[in-house]
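Data block below; observations after.
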Amino acid sequence: MLRWLIVVVLALVLMSGLTAWLRRFGFGRLPGDFEFRAFGREWQLPIASTVLLSMIAALVARLL
Numbered sequence: 422m423l424r425w426l427i428v429v430v431l432a433l434v435l436m437s438g439l440t441a442w443l444r445r446f447g448f449g450r451l452p453g454d455f456e457f458r459a460f461g462r463e464w465q466l467p468i469a470s471t472v473l474l475s476m477i478a479a480l481v482a483r484l485l
């Protein structure tokens, strides 16, 4: 259980660090990625980008 928690935390840190770089390639701006402003903050729900990155990760995992 602890191992999965560490993997999830590391993945979240990695993705938050790569967000600006991934935006240059269109991730975060795909149809299905929602951005809205509420409570004085800008919120992002990158649903389509998450699905696409998951499929890419699954493909890489199968090839390895």
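Okay, so the sequence shown: first residue is 422 according to the numbering used here, each after it adds one. From the three backbone atoms N, C-alpha and C, an ideal C-beta is built for every residue, glycine too.
- Contact check for residue 473 against residue 451 passes: the beta carbons are separated by less than 8 angstroms.
- In the DSSP annotation of this structure, the continuous segment of the alpha helix (DSSP H) that includes residue 483 starts and ends at 468-484.
- Only buried fits residue 448, as 16 or more other CB atoms lie within 10 angstroms of its CB.
- The shortest C-alpha to C-alpha distance from residue 471 to any of 440, 457, 483 and 485 is the one to 440.
- DSSP places residue 424 within a helical segment (H, G or I) once states are collapsed to three.
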